[in-house]
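Contents: one structure, followed by commentary.
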Amino acid sequence: VGIVLGGSVRLDEVVLPQSGFYGLVIGGTTLQGTIPAEYLVQVQRAVAGVVNQGDLLSAATGRLTIASPIHSWTLQPVYSGDYLIRVETLVPGKIADLFILSAQGDILGKGMPAGSSTTEHTLFLEVGQQYTTVVSAGLADNQGDYRISLLPASFISGVGIIPTEGGDNVGRITDQHFTNEWQIQGQAERTLNIQVTRIDGDLQPTVSIYDQNGSLIDQQTESQEGIIEISVFLPADGLYRVLVSRDGDATGQTSGDYTISARLE
Numbered sequence: 009v010g011i012v013l014g015g016s017v018r019l020d021e022v023v024l025p026q027s028g029f030y031g032l033v034i035g036g037t038t039l040q041g042t043i044p045a046e047y048l049v050q051v052q053r054a055v056a057g058v059v060n061q062g063d064l065l066s067a068a069t070g071r072l073t074i075a076s077p078i079h080s081w082t083l084q085p086v087y088s089g090d091y092l093i094r095v096e097t098l099v100p101g102k103i104a105d106l107f108i109l110s111a112q113g114d115i116l117g118k119g120m121p122a123g124s125s126t127t128e129h130t131l132f133l134e135v136g137q138q139y140t141t142v143v144s145a146g147l148a149d150n151q152g153d154y155r156i157s158l159l160p161a162s163f164i165s166g167v168g169i170i171p172t173e174g175g176d177n178v179g180r181i182t183d184q185h186f187t188n189e190w191q192i193q194g195q196a197e198r199t200l201n202i203q204v205t206r207i208d209g210d211l212q213p214t215v216s217i218y219d220q221n222g223s224l225i226d227q228q229t230e231s232q233e234g235i236i237e238i239s240v241f242l243p244a245d246g247l248y249r250v251l252v253s254r255d256g257d258a259t260g261q262t263s264g265d266y267t268i269s270a271r272l273e
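In this note's numbering, the protein residues as written are 9 to 273.
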């Protein structure tokens, strides 16, 4: 029912339950009864706002509707590395739009179709930064339920470069991401000392050191309760790779946070 305003009638924010054709019945009476008259009909679709769905930790579900066709999810990665963001609509044959934005609102990536009802995008996310994932019904009005997932794109995450003046750097080992790669700028004929210490969980860490040619030069599993200490002589200048994992790697059962520090002597 419309609101009479002088010679006009207004319908405010009518929410349509689903896509399709709708009828609009218009009529009018006066004290003298029904009379013929000309009238003008204006229909305007309200611009839908973005509805925030909260934090996306690993996987979640949502529902796109006519009243709420655009959703946003907040991403705060627990490590720096490549992530796969995937949206799967639960309505066969429909596919949603996917965008990943920086904290400043810049578009970092757009989902690409990966099946009849799935869109996904892989990109590098940095720990300590906040990102936004936008899921939209798009111009095709692909309404319905969907599932969104945040997955590691690789089991090895590149965490960063360790300074060789000491100081703790924090990493995390999980079932989904059980190996962290750190890099160290080494110097010829100096001894590199590395210490890894568990600070949370039941992690049983392992440490492997590789030279510039990819050759393994040292590897150790914890010698004390959650602690590994390695001293290795460096034969040449260059960038050395330090892989921190867990005992058993992919088949291991432990996880948790740790600190890693390095010093050249």
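Positions of the beta carbon are idealized from the N, C-alpha and C atoms, including for glycine. Quick caveat: nothing in here was measured; it's all calculated off a predicted structure.
Asked, Found
"With DSSP as the reference, identify every bridge partner of tyrosine 30, one or two as the case may be.", "None, per the DSSP bridge assignment."
"Give me the residue from Val250, Pro213, Leu242, Ile74 with the minimum Cα distance to aspartate 265.", "Pro213"
"Per DSSP, what kind of secondary structure is aspartate 257 in: helix, strand or coil?", "helix"
"Select from Val252, Leu200, Arg180, Thr182 the residue whose C-alpha is nearest the C-alpha of glycine 174.", "Leu200"
"Taking the continuous beta strand (DSSP E) assigned at asparagine 221, which residues delimit it?", "No beta strand (DSSP E) holds asparagine 221; DSSP gives it neither H nor E."
"Is aspartate 265 helix, strand or coil by DSSP?", "strand"
"To which residues of the same chain is alanine 244 closer than 8 Å at the C-beta, ignoring the five residues directly before and after it?", "Gly194, Ala196, Asp219, Gln220"
"What number of angstroms, rounded off, separates the C-alpha of aspartate 208 from the C-alpha of tyrosine 30?", "59 Å"
"If I measure Cβ to Cβ from isoleucine 229 and keep anything under 6 Å in the same chain, skipping five residues before and after, which residues do I get?", "Note that residue 229 is threonine in the sequence shown here, rather than isoleucine. Around threonine 229: Thr214, Asp255."
"Where glutamine 6 and valine 252 are concerned, what is the direct C-alpha to C-alpha distance, given to the nearest angstrom?", "The shown model of the chain, from 9 to 273, leaves out residue 6, and the question about it has no answer."
"Alpha carbon to alpha carbon, how far is arginine 180 from leucine 133? Give it in angstroms, no decimals.", "15 Å"
"Report buried or exposed for glutamine 84, applying the criterion of at least 16 other Cβ atoms within 10 angstroms of its Cβ.", "exposed"
"Would you decide whether valine 33 is buried or exposed? Buried here means 16 or more other CB atoms lie within 10 Å of its CB.", "exposed"
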